[in-house]
Amino acid sequence: MTVEIIPCTKTMAAEIRGVDLSQPVDDDSAATLLEAWHKYVLLLFRDQKMTDQQLKNSAAWLGKTSQIAMPVDRRGDDDIEIQKVSNIRDKAGKPIGALGDGEMWFHHDNSFTEAPDKATWLYAVELPSTGGNTLFGNCYESYEALPKELKKEIEGRKVLQVYDFTIREKPRRNELADVPHYWQPVVVQHPVTGRKALYLDRLMTAAIDGGSDAESDELLGQLFPYIERIDYEHEWQLGDYVIWDNRCSVHARRDFPADERRLLKRGKVEGDPLLSAKIAAA
Ligand SMILES: [Fe+2]
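Residue 130 in the numbering used here sits at position 119 of the sequence shown, with consecutive numbering throughout.
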C-alpha cells in the first residue's frame, strides 16, 4: 500500500492516507508510520471501520497494548484493552463508559504512574452535533518557548503527578498515602527523537521539588501557561482514529452539549519510565 503523509499544522499532527488499520500493517508501512509519528507527534487516520478485535491490534506497529488501570466500577465494563469514553447511560441509568462529560483540562495520560503509556489512541463511534473537539499541545514547543532563566531554574527537577479520579483539590506532599502518584522529570528527554519536552499539567501536577509549597505553587503558576497551547485542534468525524505520543504532547477536550450522545473508544500502548533530560544528557 502507498502511505501518504499530510501535515495538519506547522507544529504538530499529520493525516495518514492509504492505510486501513483493520488489516495488519506490513513492515514497510509500519516503519513509515513510526517515523511519521515521531516527527509529527500525532497521526490521524480517517474513515476507519474497526471491530473491537481489530481496534485491539490497531497500534501493533507501535508496541504492546497497555491494560486499563481504572477500576471497573468507574468505567462501565471490564474490557482491559478498550475503554469507552462516553457520557451515554444504559436503560438502567448506568454509565456505559467513563470520563465522558464536558470539558477536560490539558494533561498527559497516566503521568502518575512509574511507566506512563507512551501512546493513546481514540476512535470516534458516536458524536454530538457540535463541540467535544480534542485539543493537542506540542510539549517540545512548550519547552522551546520557555525563557532561558526558567529552563535553567527547572533543569533536573521533578514534578509530582497525582490522580485519583475523585479528588478536585490536589493533595499536598504530605497527603499522598491513598493517592496514586509519581515524581516525573519536569523536562523529559524523548528516547527516540532525543528532543526535550516540558512535562507537567494543571490537571495532575501537584508540586515541583526543591522548595516550599508556596514556592512550588508560584513556579508551577509560571510554567502552566507554556504547556497550555493549542498546536492542533481535532474536530471529530465518525470513523476518525487519532494516536498520539504522551511523552511530548498534552491533550484537552472542549465542552459539548450534555444532552447529546458521544462515544469514543480508547486504548493505549505500553511505555517505559520517562528519562530526565539532565540525566540523559550526562
Ligand atoms: Fe487523556
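Every residue, glycine too, gets a C-beta built ideally from N, C-alpha and C.
Using CA coordinates, which residue listed in the options is at the minimum distance from residue i?
i    : options                   : result
T141 : I254, H245 and A42        : H245
E92  : G104, S77 and K102        : S77
L161 : G148, P236, D101 and L249 : P236
Y151 : E226, G167 and C259       : C259
V261 : P158, A130 and Q248       : A130
H119 : I165, L214, T204 and E229 : L214
L73  : D220, T145, A47 and D63   : A47
L45  : R265, L286 and W255       : W255
A70  : V30, G108 and D90         : V30
G167 : A156, Q195, E155 and R183 : Q195
N98  : D89, G108, E180 and G104  : G108
E229 : E164, V173 and L187       : E164
D63  : Q94, L187 and E180        : Q94
M115 : G104, D212 and K102       : D212
R183 : L286, K102 and T216       : T216
G205 : G104, D89 and L286        : L286
Alpha carbon to alpha carbon, what distance is there between residue j and residue i?
i    : j    : result
L53  : N68  : 18 angstroms
L275 : Q65  : 15 angstroms
I16  : Y51  : 10 angstroms
T296 : L55  : The structure shown does not extend to residue 296, since the chain spans only 12 to 293, so no value can be given for it.
G143 : A25  : 20 angstroms
A41  : P18  : 18 angstroms
S223 : E239 : 24 angstroms
E137 : P158 : 42 angstroms
R57  : G221 : 45 angstroms
A293 : Q200 : Reliability fails at A293, whose pLDDT of 49 lies under 50, so the model's placement of it is uncertain and the value that follows must be treated cautiously. Their Cα atoms are separated by approximately 12 angstroms.
Q233 : S227 : 10 angstroms
A225 : L171 : 15 angstroms
P35  : D128 : 22 angstroms
G104 : K181 : 30 angstroms
D90  : M61  : 16 angstroms
T280 : K75  : Position check: residue 280 holds Val in this sequence, whereas Thr was assumed. So the two alpha carbons sit approximately 6 angstroms from each other.
A188 : A156 : 36 angstroms
Just to confirm my understanding: we take residue i, look at its own chain, exclude 5 residues before and 5 after, and list those with CB closer than 6 angstroms. What are they?
i    : result
V198 : K207 and A288
L133 : V253, L275 and R277
A135 : W247, L249, D251 and L275
Q59  : L32, G250 and Y252
R28  : E15
S153 : L209, Y237 and I238
Just to confirm my understanding: we take residue i, look at its own chain, exclude 5 residues before and 5 after, and list those with CB closer than 8 angstroms. What are they?
i    : result
P284 : E125 and A126
P139 : F267, P268, E271, R272 and R273
A80  : N121 and T124
L146 : F117, I241, Y243, E244, H245, H262, A263, R264 and R265
D39  : none
Leaving out the 5 sequence neighbours to the left and right, which residues in its chain are closer than 7 angstroms to residue i when beta-carbon positions are compared?
i    : result
T43  : V14
H192 : F123, L171, Q172 and V173
Please check the pair residue i and residue j, which I expect to be a contact at CB under 8 angstroms, by giving their CB distance rounded to whole angstroms.
i    : j    : result
G278 : N257 : 13 angstroms between Cβ atoms; not a contact.
H49  : V203 : 5 angstroms
V96  : G113 : The pair is not a contact, with the Cβ atoms about 12 angstroms apart (cut-off 8 angstroms).
L209 : I219 : With 8 angstroms as the limit, L209 and I219 do not qualify as a contact, their Cβ atoms being about 12 angstroms apart.
T22  : N185 : Not confirmed; about 39 angstroms, so no contact.
Could you tell me whether the Cβ of residue i comes closer than 8 angstroms to any Cβ of chain B?
i    : result
D283 : The displayed structure is made up of one protein chain only, and chain B is not part of it.
Compute the minimum distance between the beta carbon of residue i and the heavy atoms of ligand 3, and state whether it is under 7 angstroms.
i    : result
E281 : What this structure holds is ligand 1, not ligand 3.
### Task
Can you list the residues near ligand 1, meaning Cβ strictly closer than 6 angstroms to any non-hydrogen atom, in the order they appear in the chain?
The set, ordered by position in the chain, is H118, D120 and H262.
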